[in-house]
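Order-wise, the sequence lines are chains A and B. All the letters of the first sequence, read from the start, carry residue numbers 2 to 272 under the numbering used here. All the letters of the second sequence, read from the start, carry residue numbers 930 to 1055 under the numbering used here. One structure below.
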Amino acid sequence: MTSEGLRLTVAAMPENLAVVRQALAGFAEGVGFDDNAVANLKTIVTEACMNAVVHAYPGDEPGPIEVSAQPHSDHMQISVRDRGEGFQPRPAEPGEDSLRIGLPLIAALSDGFEISGAPGDGTEIKMRLAYERADNGTAVAPAPQTVGTSMSIAPGELGRPVLSRVIGALATRADFSIDRLSDTVLIGDAVLAHDADDFSGGMVGIEILDGDGSLDIRIGPLVEGGSDRILAGLELPGGTSLRRLASEVEVKREPSADGPEQEFLRVVVDP
Amino acid sequence: MGPGEISIDRAEGGVAVITFSGEHDLNTAPELRQRLAEAVEDGGPVVVDLSGAAFIDSSIIGAVLDARREAQEQGRGFAVALSDGAHPVERVLEVTNLATTLPVHRSREKAVSEAQAGAEEQAPRQ
């Protein structure tokens, strides 16, 4: 296994299928997938996530869908996991044609898949997709669970198509104008271009909440002073700065899971 | 990528043509089901034109299959159009064997005429 990859966590809601699909498509394009392979990836990931949206969480509060994509030398390993009720096969009911088509689609378009899980333990669908690519490795670390869209990716070029597509999907959903979408993508590009040493563990962690029409972007965890250096890096020629592009900029300190406080940069962008 | 949109037009002979653009999945499936149900209930033949769709998933295919079944039960003509070429939707229809079972026509005009013919064929049985 290589150390590069993408991890993404979204709430199990129909409107997030496009977010996952666009993130994976951007990642696959960055890795070197051709158009057909990207199209197949989009289909199998959507079908796997749809299974989680429809079946994992029967109540009103959607739980997480955790998606990971791990490129290897000749294939990509994709995992779609929920924390719901677990895979419980049952006959399709009338009008549920999609249930009879989804898994066959994954079987036909992937180069192998398996479903694991048990009642109460969630379901994981692992899929393998063969491809050829040029080598341009990066690295990744796990993302925290979240109700927004959470991703963790190495700084640099490979992350740009992923983040720009995720932002594009969320901004479109929030009715952003083209100009505001461009501003938001610009912020994402600048964050990914920032010195990796300012991110704890060398990975760019980004969480985006989009519930109220704005995009609430949380960047981190960062090393001490990382927020200020990111903000300084976004002072652009002509007087443009992140503080002008965003409606709200905040440096936050929050306790980590193992105790010490960590620094985050919070940026809110309005439509 | 573009947000998924669904529009409905009237073609020659009162055929309702439901046109897709952008990407469609479980998020837009309820709207599609609503549009399809209205079109079938309106009484004329129905055409689903997928040529402008950039992506469809199994929930969309399920909605189209259900509408086709409903149309057949009510004696309405029903056809699907998908233009020629390397289309992102084509592969999904091929691997599910729906390209031949629906069947899929290579132009909107052909689909409209087939839907009209289908309606006329079934009309005497009512």
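No residue lacks a Cβ here, since even glycine has one placed at the ideal position from N, Cα and C.
(message) With distance defined between alpha-carbon atoms, name the residue in S74(A), D199(A), G85(A) nearest to P65(A).
(response) G85(A)
(request) Can you say whether S69(A) is buried or exposed, counting buried as having 16 or more other CB atoms within 10 angstroms of its CB? (result) buried
(request) Kindly indicate the opening and closing residues of the alpha helix (DSSP H) around R997(B). (result) 987-1002
(message) To the nearest angstrom, how far is the alpha carbon of I45(A) from that of N37(A)?
(response) 12 Å
(message) Taking the alpha carbon of V32(A) as the reference point, which residue from D112(A), L266(A), S74(A), D122(A) has its own alpha carbon closest?
(response) S74(A)
(request) Can you have a look at S228(A) and say buried or exposed, based on whether 16 or more other CB atoms are within 10 angstroms of its CB? (result) buried
(message) Contact defined as beta carbons within less than 8 Å: I believe V969(B) pairs with E999(B). What is the distance between those atoms, to the nearest angstrom?
(response) 5 Å
(message) Looking at V976(B): is its Cβ nearer than 8 Å to the Cβ of A1010(B)?
(response) yes
(request) Rounded to whole angstroms, what's the CA-CA distance from I989(B) to E30(A)? Just pull it up for me. (result) 25 Å
(request) Return the first residue and the last residue of the alpha helix (DSSP H) that M51(A) is part of. (result) 36-56
(request) Whole angstroms is fine: what's the gap from A982(B)'s alpha carbon to A53(A)'s? (result) 24 Å
(message) Let's test the definition: count the other Cβ atoms within 10 Å of the Cβ of A258(A) and tell me whether it reaches 16, buried, or not, exposed.
(response) exposed
(message) Within a Cβ cutoff of 8 Å, which residues of the same chain sit near R181(A), ignoring the five residues on either side of it in sequence?
(response) A172, V270, D271, P272
(message) Within 8 Å, do at least three Cβ pairs link the stretch 954-966 of chain B to the stretch 15-23 of chain A?
(response) yes
(request) Taking all protein chains shown into account, decide if G972(B) is buried (16 or more other Cβ within 10 angstroms of its Cβ) or exposed. (result) exposed
(message) Suppose contacts are defined by Cβ-Cβ distances below 8 Å. Is E264(A) in contact with P222(A) by that definition?
(response) yes
(message) Alpha carbons only, please: which of D190(A), H76(A), V252(A) is nearest the one belonging to G113(A)?
(response) H76(A)
(request) Could you tell me whether the Cβ of R1020(B) comes closer than 8 Å to any Cβ of chain A? (result) yes
(request) Taking A70(A) as part of the alpha helix (DSSP H), name the residues at either end of that continuous run. (result) Taken as a continuous stretch (DSSP letters only), A70(A) belongs to no alpha helix (DSSP H), being part of the beta strand (DSSP E) at 65-72.
(message) Less than 8 Å between CB atoms is the rule here; does V946(B) satisfy it with respect to chain A?
(response) no
(message) I'd like to know whether the C-beta of L955(B) is nearer than 8 Å to at least one C-beta of chain A.
(response) yes
(message) I need the straight-line Cα distance from L210(A) to A13(A), nearest angstrom please.
(response) 14 Å
(request) Have a look at I937(B) and A194(A) and give me their C-alpha separation to the nearest angstrom. (result) 45 Å
(message) Using C-beta distances below 7 Å, list every residue in its chain close to A992(B), excluding the 5 sequence neighbours before and after it, in chain order.
(response) A958, L961, R962, L965
(request) Would you tell me roughly how many angstroms separate the C-alpha atoms of M152(A) and S201(A), rounded to the nearest one? (result) 14 Å
(request) With DSSP as the reference, label R181(A) as helix, strand or coil. (result) helix
(message) If you follow the alpha helix (DSSP H) that S980(B) is in, where does it begin and where does it stop?
(response) No alpha helix (DSSP H) holds S980(B); DSSP gives it neither H nor E.
(message) Less than 8 Å between CB atoms is the rule here; does T150(A) satisfy it with respect to chain B?
(response) no
(request) List the DSSP bridge partners of G118(A). (result) T124(A)
(request) Look at the alpha carbon of I207(A) and the alpha carbon of V946(B), and state the distance between them as a whole number of angstroms. (result) 42 Å
(request) Label F949(B) either buried or exposed according to how many other C-beta atoms from any shown protein chain fall within 10 Å of its C-beta, with 16 as the threshold for buried. (result) buried
(message) Just to confirm the assignment, what range does the beta strand (DSSP E) spanning E249(A) have?
(response) 249-256
(request) Would you decide whether M2(A) is buried or exposed? Buried here means 16 or more other CB atoms lie within 10 Å of its CB. (result) Any reading at M2(A) must be qualified, since the residue scores a pLDDT of 37, below 50, and its modelled position is unreliable; the value itself is stated next. Label assigned to M2(A): exposed.
(request) Please report the Cβ distance between G160(A) and V205(A), rounded to the nearest whole angstrom; I am assuming they are in contact, meaning their Cβ atoms lie under 8 Å. (result) 6 Å
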